[in-house]
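Protein chains in written order, with my numbering: chain P, 622 to 714; chain A, 269 to 694.
Ideal placement from N, C-alpha and C gives every residue a C-beta, glycine not left out.
Worksheet: one structure, shown below.
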Amino acid sequence: MILIPCPWCGSRNSQEFRYVGESKARPDPGSASEEEWRTYLYTKANVAGWTTETWFHRSGCRRYLSVERHTVSNEIRSSAKPAAQRRLAGGDA
Amino acid sequence: MVASNTDRRRPRARYSAFDLMRRGLTGQPWPRAWRVHDLQRAYDVVIIGAGVHGLATAYYLASRHGITNVAVLDKGYVGGGGSGRNTAIVRSNYLTPEGVRFYDRSVKLYEHLAAELNFNVMFSQRGHLTLAHNDSSLRTMRWRAEVNKLEGVQSEVIGPDEIKELVPFMDVSDQTRYPILGALYHPPGGTIRHDAVNWGYARGADAHGVHIHQNTEVLGIDVADGEVKGVKTSRGDIAAPIVVNCTAGWASLISAMAGVELPIITHPLQAAVTEPVKVFLEVVVVSGTLHVYVSQTDRGELVFGASTDPYASYSMRGSLEFTEELAGHVLELMPSIAKMRVLRQWAGLCDMTPDFSPVMGVTPVKGFLVDVGWGTYGFKAGPVSGEAMAQLVAEGKTPDIIASFDLARFAEGRLVGEKGAAAVGH
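If you want it as structure tokens, here you go:
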């Protein structure tokens, strides 16, 4: 069992969450080429080690969160509100 | 020292009832199934991964194309990854014509493998049953049955009464949470002894002069001017004009060494086995809705597989959630086995691709070939993949049977969607 520290609800069993995937920057819709979109869509770093990813607290607050996890040991180092949320709040909210 | 082709071969001990008796009576020991070699400084072909794909590629390269200066490298031991961790189910009832043709070729190769390798791989074509618990899965099964028939593969949709005949103790009543509406019945499907397949290919490749290097980890891949030059290993460097990535679980990491990015996410998949009981389950039973597949081994154990774990990971630890969920689902189908105990559980790594089809063939790096992205369907494709990759290496041209599984399909929007034919909803 993995315990995920939700920034809103506290530490919860990973079964309450849906794994969304590794976080990566979305290309700018105004200027991105087809190749950039496809790379964004399909290509994965698939890191064996520390990685930052997005989870969704499906059976809890139903909000997205950003989690730093080690993909070999499944250890979780930190969690935070997602980058977009931080931007909306104006600063590191 | 580079041995010539004739030096590399050796007469192998033939396995037969007569030889068994002779050696039993005279006490003459059996030779090792494959030899240990020093690492050469150069090979014509280096294959990374000594699982069924890597070993089959080496075997067909040597036996069909006469290319014997080949090394198969593995950081662990022969068949220690996905090839020894799968649930040993073989079938060809896929959804796309490309997929059906491909996996059917594999079944055909498996049918004659024991004779070809002189190694009993215990292929048991006992029939394969995929249950439908709702209208949409029944629709997909009709679709699969029609595509299968068009490609000459035996598959048909059957009703609850016929299912009851095949598996008498299955609860086909409408009193369950997910009543069984029908099933896709695929008589040529079945199970095989996966270790024997790995060992048989390893022994066959070795007899043709291939070097199998276990405990040899690849640490880097040398690429210059867009061409592969060799590999760096934990036992020294090897020069090679062709390097084939036949790994599962570590496919992304190995490809990244050559600068090739893959559309792969690695998820663990857990399986479990019960204590042995008398034979009562003849066919392989799969339920997508209940996320489980079950078969009984020749020793009498029930082997269960499930969906992949719900998050990407390289961890191969078992979890209690898996066992709990599995038990609940299996008892829904077969309430009578409630008292059976689970003997052990394990996990293997599945390289999931966006369309549930593999990634095979050439890459932007010349000489660096991939046979990866084997998700949950790698073991059953071992022989055909080895055959096709060997042909690609020997002839320098992608064989038709794997042409649609190329890496470029993701950039060009030609996905081969096989999710509908995956054993269970992943």
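Extent of the continuous beta strand (DSSP E) run through residue i
i              : result
P626 (chain P) : 624-627
T672 (chain P) : 671-677
I261 (chain A) : The requested residue 261 (chain A) is not part of the displayed model; chain A covers only 269 to 694.
N513 (chain A) : 510-513
V320 (chain A) : Here V320 (chain A) belongs to no beta strand (DSSP E); instead the alpha helix (DSSP H) covers 320-333.
G573 (chain A) : 570-576
S632 (chain P) : 631-634
M584 (chain A) : Careful: M584 (chain A) lies outside any beta strand (DSSP E) and carries neither H nor E.
Proximity below 8 Å, CB of residue i to CB of residue j
i              : j              : result
V389 (chain A) : L381 (chain A) : yes
A451 (chain A) : L397 (chain A) : yes
L617 (chain A) : T534 (chain A) : yes
Y579 (chain A) : I460 (chain A) : no
T621 (chain A) : G643 (chain A) : yes
W467 (chain A) : F387 (chain A) : yes
H691 (chain P) : W671 (chain P) : yes
S632 (chain P) : I623 (chain P) : no
A662 (chain A) : I315 (chain A) : no
K665 (chain P) : P531 (chain A) : yes
R696 (chain A) : I669 (chain A) : This structure leaves residue 696 (chain A) out entirely; chain A is present only between 269 and 694.
G350 (chain A) : F647 (chain A) : yes
T515 (chain A) : V640 (chain A) : yes
N354 (chain A) : H454 (chain A) : no
I480 (chain A) : W302 (chain A) : yes
Contacts around residue i, its chain only, beta-carbon distance under 6 Å, and the 5 residues preceding and following it disregarded
i              : result
P428 (chain A) : V440, I448
Y469 (chain A) : L323, A324, Y327
S520 (chain A) : L530, I532
E689 (chain P) : T673, R698, S699
F673 (chain A) : S625, P626, M628
K702 (chain P) : P628
P299 (chain A) : A281
A356 (chain A) : T459, I460, H462
R471 (chain A) : A301, W302
Residues near residue i by beta carbon distance below 7 Å, same chain, minus five either side
i              : result
W658 (chain P) : P648
L558 (chain A) : Y446, H597, E600, L601
G654 (chain A) : H321, A324, T325, Y327, Y328
V603 (chain A) : Checking the sequence shown, residue 603 (chain A) turns out to be Pro, not Val. Taken in chain order, the residues that qualify are D439.
T591 (chain A) : A540, V610, Q613
L594 (chain A) : A540, V560, F572, A574
T444 (chain A) : E600
A507 (chain A) : R309, A310, K497, G498
Close Cβ partners of residue i (< 8 Å) along its chain, the five nearest in sequence each way excluded
i              : result
G688 (chain A) : L363, T408, W411, R412
A606 (chain A) : L599
P365 (chain A) : V415, L418, E419
E656 (chain P) : none
E696 (chain P) : R690
D287 (chain A) : A281
A546 (chain A) : The question names Ala, yet the displayed sequence has Lys at residue 546 (chain A). Hits under 8 Å: G568.
Enclosing alpha helix (DSSP H) for residue i [first to last residue]
i              : result
N416 (chain A) : 403-418
P651 (chain A) : 650-663
I522 (chain A) : 519-525
K497 (chain A) : Careful: K497 (chain A) lies outside any alpha helix (DSSP H), inside the beta strand (DSSP E) at 495-501.
Y685 (chain P) : Note, Y685 (chain P): premise wrong, no alpha helix (DSSP H); beta strand (DSSP E) at 685-691.
D639 (chain A) : Here D639 (chain A) belongs to no alpha helix (DSSP H); instead the beta strand (DSSP E) covers 636-640.
G472 (chain A) : 462-475
From the options, residue whose alpha carbon lies closest to that of residue i
i              : options                        : result
M657 (chain A) : A:V627, A:Y645, A:A679         : A:V627
V358 (chain A) : A:F370, A:T484, A:L288, A:A671 : A:F370
Q482 (chain A) : A:Y345, A:V552, A:F673         : A:Y345
A318 (chain A) : A:T484, A:Q393, A:I506, A:G488 : A:T484
D542 (chain A) : A:R503, A:V652, A:R291, A:M608 : The amino acid at residue 542 (chain A) is misidentified as Asp; the sequence shows Thr. The candidate whose alpha carbon is nearest that of T542 (chain A) is A:M608.
G527 (chain A) : A:V545, A:A492, A:G348, A:E589 : A:A492
D312 (chain A) : A:A330, A:R300, A:P297, A:A301 : A:A330
S392 (chain A) : A:H462, A:G349, A:A301         : A:H462
D623 (chain A) : A:I489, A:S672, A:G685, A:L570 : A:G685
S625 (chain A) : A:N402, A:E430, A:L307, A:V368 : A:V368
L487 (chain A) : A:A676, A:V499, A:A400, A:S583 : A:V499
D490 (chain A) : A:T515, A:A524, A:V547         : A:A524
Q422 (chain A) : A:S405, A:H401, A:G395, A:V435 : A:G395
S502 (chain A) : A:L307, A:G472, A:A356         : A:L307
R679 (chain P) : P:C630, P:I625, P:E637, P:P626 : P:E637
N337 (chain A) : A:E550, A:I522, A:A473, A:N402 : A:A473
G664 (chain A) : A:T294, A:I506, A:R677, A:H333 : A:H333
L549 (chain A) : A:G556, A:G504, A:E433         : A:E433
R384 (chain A) : A:E430, A:A400, A:Y283, A:G477 : The amino acid occupying residue 384 (chain A) in the given sequence is Glu; Arg does not appear at that position. The option with the nearest alpha carbon to E384 (chain A) is A:Y283.
Should the segment 534-541 of chain A be regarded as contacting the segment 325-345 of chain A, the criterion being three or more beta carbon pairs within less than 8 Å? no
How do the segment 493-512 of chain A and the segment 619-636 of chain A stand: do at least 3 beta-carbon pairs fall below 8 Å, yes or no? yes
At a cut of 8 Å, does the segment 635-643 of chain P reach the segment 676-691 of chain P through at least three beta carbon pairs? yes
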